[in-house]
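Asker: Throughout the sequence shown, residue numbering follows the numbering used here, covering -12 to 459 in sequence. Quick reminder that beta carbons are idealized off the backbone N, C-alpha and C, glycines included.
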Amino acid sequence: MESPSNGRGQWGSRIGFIMAAAGSAIGLGNIWRFPYTTGQNGGGAFVLLYLLCTVFIGLAVMWAELAIGRAAQRSPVGAFKALAPGSAWKLVGYLGIITGIGILSYYGVVAGWTVGYLIYSASGSLDTVIPTIHLTDPAVHMESAHASNFFGAFVANSKLQILFLVVFMGLTMVVVLGGVRKGIERLTKILMPLLLVMLVGLIINGMLQPKAMAGLRFYLWPDFDKVTGMTFVYALGQAFFSLSLGMGAMLTYGSYMRKSDNLATSGIYVVIFDTVIALMAGFMIFPILGGAPTSAGPGLVFVVLTQQFQAMPAGNIVAIIFFSLLAIAALTSTVSLLEVVTSFLVDDLKMKRPGAVLLSGTGIALLGIPSALSLGGVKWLSNLYTLDGKGQGFLDLMNFIFGNVLLAVGALGICLFVVLRWKPKNAIEEIATGAPWFRKLRTVWVVALAVLCPLAVLGLLAYMAITGKALG
Ligand code: PFF
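#1: Taking the alpha helix (DSSP H) that G101 belongs to, which residues open and close that run?
#2: Would the segment 4 to 23 count as touching the segment 223 to 243 if we require 3 or more Cβ pairs under 8 Å?
#3: Taking the straight line between their C-alpha atoms, what separation do you get for A75 and F404?
#4: For A306, I'd like the list of residues in its chain whose CB is within less than 6 Å of its CB, leaving aside the five on either flank, ordered along the chain.
#5: Note the first and the last residue of the continuous alpha helix (DSSP H) segment covering Q294.
#6: Identify every residue that forms a DSSP beta bridge with G378.
#7: Could you spell out where the alpha helix (DSSP H) holding N303 opens and where it closes?
#8: For S247, is the classification buried or exposed, using 16 other Cβ atoms within 10 angstroms of its Cβ as the cut-off for buried?
#9: Decide if A449 is buried, meaning its Cβ has at least 16 other Cβ atoms within 10 Å, or exposed.
#10: Can you tell me which of the three DSSP states T218 falls into?
#11: Are G193 and I275 closer than 8 Å when you measure CB to CB?
#12: Taking 7 Å as the cut-off, is the CB of A12 close to at least one heavy atom of the ligand PFF?
#13: What's the gap between the Cα of L203 and the Cα of L312?
#14: Quick one: which unbroken alpha helix (DSSP H) runs of 4-plus residues sit fully inside the segment 231 to 288? Chain order, please.
#15: Using a Cβ-based criterion (distance less than 7 Å to any ligand heavy atom), does L393 qualify as near the ligand PFF?
#16: Would you call the segment 26 to 34 and the segment 204 to 219 touching, i.e. three or more CB-CB distances under 8 Å?
#17: Output the distance between the C-alpha atoms of G421 and L223, rounded to the nearest integer angstrom.
#18: Pull up the CB-CB distance for F309 and M185, whole angstroms please, since I reckon it's below 8 Å.
#19: So within the segment 350 to 419, which uninterrupted beta strand (DSSP E) runs reach at least 3 residues, ignoring any that extend past its ends?
#20: Pull up the distance between the alpha-carbon of G446 and that of E52, whole angstroms please.
#21: Can you give the Cα-Cα distance for I351 and V102, rounded to whole angstroms?
#22: In its own chain, which residues sit with a C-beta less than 7 Å from the C-beta of F381, not counting the 5 before and 5 after it?
#23: Taking the C-alpha atoms as reference points, what is the distance between S282 and L113?
#24: Measuring straight from C-alpha to C-alpha, what distance separates D261 and A9?
#25: Report yes or no: do the segment 143 to 154 and the segment 327 to 343 share at least 3 C-beta pairs separated by less than 8 Å?
#26: I'd like the list of long-range same chain contacts for F43, defined as Cβ closer than 8 Å, with 5 residues on each side in sequence excluded.
#27: Grab the span of the alpha helix (DSSP H) containing F155 for me, first residue to last.
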């Protein structure tokens, strides 16, 4: 980033912005959350709904957030205050901060798993627990008891869960403090393409598995009998979550863009990268799985992949590389989450940056503890309610409330702000500086913001209220 005359940082180049925004978007949402949510929601039909939500709603909200950020040149709360002084619109900014805190608290737990699995792969301890199997044997089920028992024991170990949560939050704080940001940016430029290559390799591996076709069928064939209102709730939530939308993260990143930057095309690139990586993660998992997952919820990717790595030649090395990449992808996302909270404390509460990072980082790590204990560590936290006959814990609840519902509510707030208060004309001018062709999209964009997004979000809230289905 460079510092222009107003003293605010700015991206050094357009590619710098795209890499950072893609770094925020691409993370556990793509590789951990997308496959298991697809698995839980019936496969192909969910994928189709997710894609529709991404293209028709996600992209529109992405442009809205980037435009608000760049126009206001401020963090979320400050941006709404600057563009709508003295109004209640700043509540949308506050909601974003709260949502960011909620998401990071449990995201940090799952990010900790990547470090745990990295250590287990490097130390060879997976070898002793998970026996090598022969994948050509069609009787082998990829959610083998060994790998899932290993996962179950790992996540139920309270001490380890808290340890890895703390480790990951510590790493995130170091980066947000600015210490290694430059390094991380340089690193992501190499690691993201490497992640892509790795996914391609694992997809090819998956396609060679005996039940690959059945897996692909589950993943791609829309079975509309399985669609309920909740499928839509999860699909929309997944679209926002994966694109880091609805809480001001992209707004913050947009605030560091230059007026001459092409915000419209940059937004499209980020959406394409993010969606392609999520779809690839599905192509990696479902052919191996050979159909609908039978048990694994949030453990799906960890269970299926560790079993798979055990069966590959040089699988340990592959595992080490894979979990390192996943940890870095998660880190670039946790950094953006913590950045939103930190920039609020610095800009609006006038705290010093180190104090702000320390306060938000430790506070969120503490908030993460109930999630860390909710996968078997503490019984009642692990079984708060039932969904489709399966017990759900605190982490699942956080994931649903913050990662689905509040992101959707935040996105609605952002759409309504552009339509009712800032006015589409101003927003379009902001985007068209640097991308004049965007004016042609005026009608489509406004329809997405004024009609599609509100209908979708209000529709899903009404559905949950009426059916009382929210939690199962
Ligand atoms: N988009 C990230 C992922 O897919 O892993 C998660 C995320 C980051 C959500 C930042 C929201 C956010 F503001």
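Answerer: According to the data block:
#1: Translated into the one-based positions of the sequence shown, residue 101 becomes position 114. The amino acid occupying residue 101 in the given sequence is Thr; Gly does not appear at that position. Counting along the chain, the alpha helix (DSSP H) containing T101 begins and ends at K77 to S110.
#2: yes
#3: The residue given as residue 75 occupies position 88 in the sequence shown. The residue given as residue 404 occupies position 417 in the sequence shown. One C-alpha to the other measures close to 10 Å.
#4: In the sequence shown, counting from the first residue as 1, residue 306 sits at position 319. Taken in chain order, the residues that qualify are S108 and F296.
#5: Taking the sequence shown and counting its residues from 1, one reaches residue 294 at position 307. Boundaries of the alpha helix (DSSP H) harbouring Q294: L287 to Q297, taken from the DSSP string.
#6: Translated into the one-based positions of the sequence shown, residue 378 becomes position 391. According to DSSP, G378 bridges with T373.
#7: Mapped onto the sequence shown, residue 303 falls at position 316. It spans G302 to D334 - the alpha helix (DSSP H) in which N303 sits, taken as one unbroken run.
#8: Counting from 1 along the sequence shown, the entry for residue 247 is found at position 260. Exposed.
#9: The sequence position of residue 449 within the sequence shown is 462, counting from 1. The residue is exposed, with fewer than 16 neighbouring Cβ atoms inside 10 Å.
#10: As a first step, residue 218 must be located in the sequence shown, where it is residue number 231. Looking at T218 - three-state DSSP - the assignment turns out to be helix.
#11: By 1-based counting over the sequence shown, the position of residue 193 is 206. By 1-based counting over the sequence shown, the position of residue 275 is 288. Result yes, Cβ atoms of G193 and I275 sit closer than 8 Å.
#12: Residue 12 sits at position 25 when you count from the first residue of the sequence shown. True, at least one ligand heavy atom lies under 7 Å from that Cβ.
#13: Working through the sequence shown from its first residue, we reach residue 203 at position 216. Working through the sequence shown from its first residue, we reach residue 312 at position 325. Rounded to the nearest whole angstrom, the CA to CA distance from L203 to L312 is 25 Å.
#14: Here the runs fully enclosed are 236 to 241 and 250 to 276.
#15: One-based indexing of the sequence shown puts residue 393 at position 406. Checking the Cβ of L393 against the ligand PFF gives no.
#16: yes
#17: The residue given as residue 421 occupies position 434 in the sequence shown. The residue given as residue 223 occupies position 236 in the sequence shown. About 30 Å.
#18: Taking the first residue of the sequence shown as position 1, residue 309 is located at position 322. Taking the first residue of the sequence shown as position 1, residue 185 is located at position 198. Indeed, because the Cβ distance is near 6 Å, the residues count as touching under 8 Å.
#19: 372 to 374 and 377 to 379
#20: If you number the sequence shown from 1, residue 446 lands on position 459. If you number the sequence shown from 1, residue 52 lands on position 65. Cα to Cα, G446 sits roughly 22 Å from E52.
#21: Translated into positions along the sequence shown, residue 351 becomes position 364. Translated into positions along the sequence shown, residue 102 becomes position 115. Approximately 18 Å between the Cα atoms of the pair.
#22: Your numbering for residue 381 matches position 394 in the sequence shown. For F381, where only same-chain residues beyond five positions count, the Cβ hits under 7 Å are P357, S358, S361, L368 and L371.
#23: Mapped onto the sequence shown, residue 282 falls at position 295. Mapped onto the sequence shown, residue 113 falls at position 126. S282 and L113: Cα-Cα distance of roughly 21 Å.
#24: Within the sequence shown, numbered from 1, the residue matching residue 261 stands at position 274. Within the sequence shown, numbered from 1, the residue matching residue 9 stands at position 22. Looking at the two C-alpha atoms, the distance is approximately 7 Å.
#25: These segments do not touch.
#26: Residue 43 sits at position 56 when you count from the first residue of the sequence shown. Hits under 8 Å: A435 and L439.
#27: Position 168 of the sequence shown, counting from 1, holds the residue named residue 155. S145 to V163 is the span of the alpha helix (DSSP H), which, as asked, contains F155.
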